[in-house]
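Everything on this sheet refers to the single structure shown next.
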Amino acid sequence: MKEEFDSAADQLKKAAANAGEYDASSITALEGLEAVRKRPGMYIGSTDTKGLHHLVWEVVDNAIDEHLAGHCTHIWVTIHPDNSITVRDNGRGIPTGMHPKLKKSALEVVMTVLHAGGKFDKDSYKVSGGLHGVGVSCVNALSIHLRAEVHRDGKKFEQEYKQGKPQYDVREIGDTDDRGTIVNFLPDPEIFETDEYKFDILAHRLRELSFLNKGLHLDLVDEREKDNGEFKSIHYYSEGGLEEFVVWLDEAKTRLIEKPIYITTVEEGVDVEVALLYNTSYSENVISFVNNISTRDGGTHVSGFRRALTREFKKYGDDNGFFKKVTFAISGEDFMEGLTAIVSVKVPEPQFKGQTKGELGNSEVLGIVSRSVGDALKVFLEENPNHARRIIEKVVLAATARNAARKAREMVQRKGALTGGGLPGKLADCASRNPEDSELFLVEGDSAGGTAKQGRDRHSQAILPLRGKILNVEKALEHKIYENEEIKNMFTALGVSVGEDEDGHRILVTDKLRYHKIVIMCDADIDGSHITTLILTFFFRYMRELIEKGHIYIAQPPLYLVKKGKNQRYCWNDKERKAAQFEFSGGREDDDSVKVQRYKGLGEMNAEQLWETTMDPKFRILKQATIDDAAEADRMFAMLMGDEVPPRRAFIEANAKYARIDV
Ligand code: 0RA
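Per our numbering, the sequence shown starts with residue 1, numbered consecutively.
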């Protein structure tokens, strides 16, 4: 196997050298596919569920490149019952002619030579940044089986591979009027830790891609699941692109302006597309993309956007006397409150920075975006004085609120300091002073709090009981938050404080964080889930960093206790309960001596039971809260916790069957 891969790569190297194009930089680009199998993480990031899904994106990205080049209108993704995947597109089809130097079909070169998948025309953008863009040959190398079918020039062609090795030369298999490429692959179980494709993960990204690529049809079919006799499927199509994307993100919020401000420009080969809306909420939701890839940490495109927004609104406010009565500084942050925006750029040669390559580095993009957004905002402000006034008034309000919040915060923090940094009276602290092995349980209600105090491991587990429903921070002004008893207790117990940088950005000071595991422990009923969601909303809006760093967990108390005589077993779901009942009764359904107790509240367990089932690190189940997609999490929290009732109802009705906050 090694030799075959090496020889293909070597041949290409030689060919390139002969053509006079050989230089040091191309050496690394021409490794063999065995390198991919040896160190898959280097090429696709990981071999967990993320890496498994990455294979699909690799193929889809190639099809999207065809769309960007103006040759593809439709992409179909199918999950088959064996968890193999088919990606089909109606692009030009991978070329199949003989590669003059390699004496192989171009299709075979694209599928078996690393980094050979690139288009040869330089005019089109490539979706090639971060971890993407390693080429379909990587998918081939990591698949136990792959079949490529190309419809091109009136003919159908095919070739199959096993772990990247061609099984026969590219062959013609018939005539066709279509054009396009069909790639079917089965990921290699030797490589991946899991083989199960998740409909939701694929659907989520395909929806995003449809907003980012207007005019492109995207279909997802799941042949593993049937709904009313039909395979589960979904179709995405966006006529309006980002303009529709912001509306979708802000569905649950109350708008401040009627329709999105939508900007598209091209300058120096850089496509800029921006859509923004203002709503009445207090949070900012700015997301960004470069060549369809999410840039979580922003970069020069986002800086250009922010700079233009602040500059133009500030100028408009000054020129029209809106800031006359304001006695304190208005910061850049104040212009972002209630803003939802998407900044998407297409850059021919993107440079990604940062540890996770989530940040755009190209310096020329800053000015390009800033000019594009600035010009468009000038026109908007001039043509829409009513909307302009509403936004500026909101900015002034935000600055005022920020000032009040700062005072409230400083007051609370000063008080804490004056009493010697005193911990809340309700906190039963642990003995350990090492945050790494300290855990804080946030417990619903004083009575369960009492039980938890008795049941805990005093060395490493601290208990903070919370009174009933904590404040819904989604609807409260920031200064109210610092006046709330339960929230103040959380800040002091955690040892976390809040400050501001010179731009007025709220910053969380976490270097004195007292516990590295913070466990939300609520009843397993509707009220309990509501309280869990309230606490998560608080962490999401005010201590997001703790979620991002993996400090926030949700306890999972058992739902049932199944008993027969001295035998007893805790069960966390109906499957386990049925199994226990079956086992204890020896399969006799009418065995009355098997008793099932349904736990609804933590209070129904005594201290020992609570320890055994929910707190003991050896046996408990904790779910870690994570944020896969901050923009969608924002949308969901607004939906569940915000002001607008109709979208919440629609959301709950639509999701009732699957409802599960992703923790
Ligand atoms: C190499 C060159 C061209 C297109 C492609 C590859 C291509 C790859 C994939 C993978 C999935 N679908 C795809 N569609 C196209 C350019 C073709 C030309 O110049 O005609």
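Just so you know, even glycine gets a beta-carbon here, dropped at the ideal spot from N, CA and C.
Determine the closest residue to residue i out of the options, with distance taken between C-alpha atoms.
{"i": "ARG171", "options": "GLU158, GLN163 and LYS165", "result": "GLU158"}
{"i": "TRP76", "options": "ASN403, ALA148 and VAL60", "result": "VAL60"}
{"i": "ARG205", "options": "ILE85, HIS53, LYS566 and ILE144", "result": "HIS53"}
{"i": "GLY358", "options": "ALA625, SER288 and GLU548", "result": "SER288"}
{"i": "SER497", "options": "GLY587, GLY317, ARG414 and ILE621", "result": "ARG414"}
{"i": "ARG635", "options": "ASP574, PHE540, ILE535 and HIS217", "result": "PHE540"}
{"i": "THR400", "options": "THR96, GLY445, ALA625 and PHE335", "result": "PHE335"}
{"i": "PHE380", "options": "PRO260, PHE305 and ASN403", "result": "PRO260"}
{"i": "LEU464", "options": "ALA141, LEU477 and GLU439", "result": "GLU439"}
{"i": "HIS71", "options": "VAL246, LEU107 and ARG179", "result": "ARG179"}
{"i": "GLN556", "options": "LEU212, LEU622 and GLY468", "result": "LEU622"}
{"i": "LYS165", "options": "ILE144, LEU471 and VAL412", "result": "ILE144"}
{"i": "GLN581", "options": "TRP572, ASN573, ARG598 and LYS563", "result": "LYS563"}
{"i": "ASP177", "options": "VAL150, PHE199, GLU66 and ASP200", "result": "VAL150"}
{"i": "ARG92", "options": "THR73, THR78, SER105 and THR86", "result": "THR73"}
{"i": "THR112", "options": "LYS232, VAL87 and GLN163", "result": "GLN163"}
{"i": "VAL326", "options": "LEU216, ASN403 and ASP574", "result": "ASN403"}
The ligand 0RA heavy atoms versus the CB of residue i: any closer than 6 Å?
{"i": "ASN62", "result": "yes"}
{"i": "ASP525", "result": "no"}
{"i": "ARG92", "result": "yes"}
{"i": "GLU576", "result": "no"}
{"i": "VAL110", "result": "yes"}
{"i": "PRO100", "result": "no"}
{"i": "ASP219", "result": "no"}
{"i": "ASP89", "result": "yes"}
{"i": "PRO95", "result": "yes"}
{"i": "THR181", "result": "yes"}
{"i": "GLU66", "result": "yes"}
Note down, in chain order, each residue of its chain lying with its Cβ closer than 6 Å to the Cβ of residue i, except the 5 sequence neighbours on either side.
{"i": "PHE538", "result": "VAL473"}
{"i": "GLU193", "result": "THR47 and ASP48"}
{"i": "ILE507", "result": "GLY499 and ASP501"}
{"i": "HIS505", "result": "GLU333"}
Reducing DSSP to helix, strand and coil, say where residue i ends up.
{"i": "LYS165", "result": "strand"}
{"i": "ARG171", "result": "strand"}
{"i": "PRO646", "result": "helix"}
{"i": "ASP319", "result": "helix"}
{"i": "ASP204", "result": "Correcting the residue type first, residue 204 is His in the shown sequence and not Asp. Helix at HIS204."}
{"i": "LYS578", "result": "helix"}
{"i": "TRP57", "result": "helix"}
{"i": "ARG456", "result": "coil"}
{"i": "GLU604", "result": "helix"}
{"i": "PHE619", "result": "coil"}
{"i": "PHE540", "result": "helix"}
{"i": "CYS138", "result": "helix"}
{"i": "HIS132", "result": "Confidence in HIS132 is poor, its pLDDT being 47 and thus under 50, which makes the residue's placement too unreliable to answer from."}
{"i": "ASN386", "result": "helix"}
{"i": "GLY91", "result": "coil"}
{"i": "LYS566", "result": "coil"}
{"i": "VAL272", "result": "strand"}
{"i": "PRO424", "result": "coil"}
{"i": "PHE344", "result": "Inspection of the sequence shows that residue 344 is occupied by Ser rather than by Phe. The answer is strand: DSSP assigns SER344 an E or B state."}
{"i": "ASN285", "result": "strand"}
{"i": "LYS549", "result": "coil"}
{"i": "SER238", "result": "coil"}
Only counting the same chain, and skipping five residues up and downstream in sequence, which positions put a Cβ closer than 7 Å to that of residue i?
{"i": "MET639", "result": "ALA252, PRO647, ARG648 and PHE651"}
{"i": "GLY455", "result": "ALA607, GLU608, LEU610, TRP611 and MET615"}
{"i": "LYS214", "result": "SER238, GLU239, GLY240 and GLY241"}
{"i": "VAL345", "result": "VAL270, ASP271, VAL272, VAL290, HIS301, VAL365 and VAL369"}
{"i": "GLU256", "result": "Here the sequence assigns Leu to residue 256, which means Glu is not the residue at that position. TYR278, ASN279, THR280, GLY338, ARG390, ILE391 and LYS394."}
{"i": "THR254", "result": "ASN279, THR280, ASP643 and GLU644"}
{"i": "ALA631", "result": "LEU249, ASN285 and ILE287"}
{"i": "LEU418", "result": "For LEU418, the pLDDT reaches just 48, beneath the cut-off of 50, and the residue's location in the model is therefore unreliable, although a value from the coordinates is still provided. None."}
{"i": "GLU679", "result": "Nothing about residue 679 can be reported from this structure: the residues present for the chain run from 1 to 663 only."}
{"i": "ALA633", "result": "PHE540 and ILE627"}
{"i": "PRO558", "result": "TYR570, CYS571, TRP572, TYR599 and THR613"}
{"i": "SER447", "result": "GLY603"}
{"i": "ALA24", "result": "Low confidence applies to ALA24: its pLDDT is 29, below 50, so where it sits in the model is not reliable, and the reading given next is rough at best. Around ALA24: no qualifying Cβ."}
Leaving out five residues on either side along the sequence, give the residues of the same chain with a beta carbon under 8 Å from the beta carbon of residue i.
{"i": "LEU423", "result": "ASP429, THR492 and ALA493"}
{"i": "VAL139", "result": "LEU55, GLU58, VAL59, LEU146, VAL183 and PHE185"}
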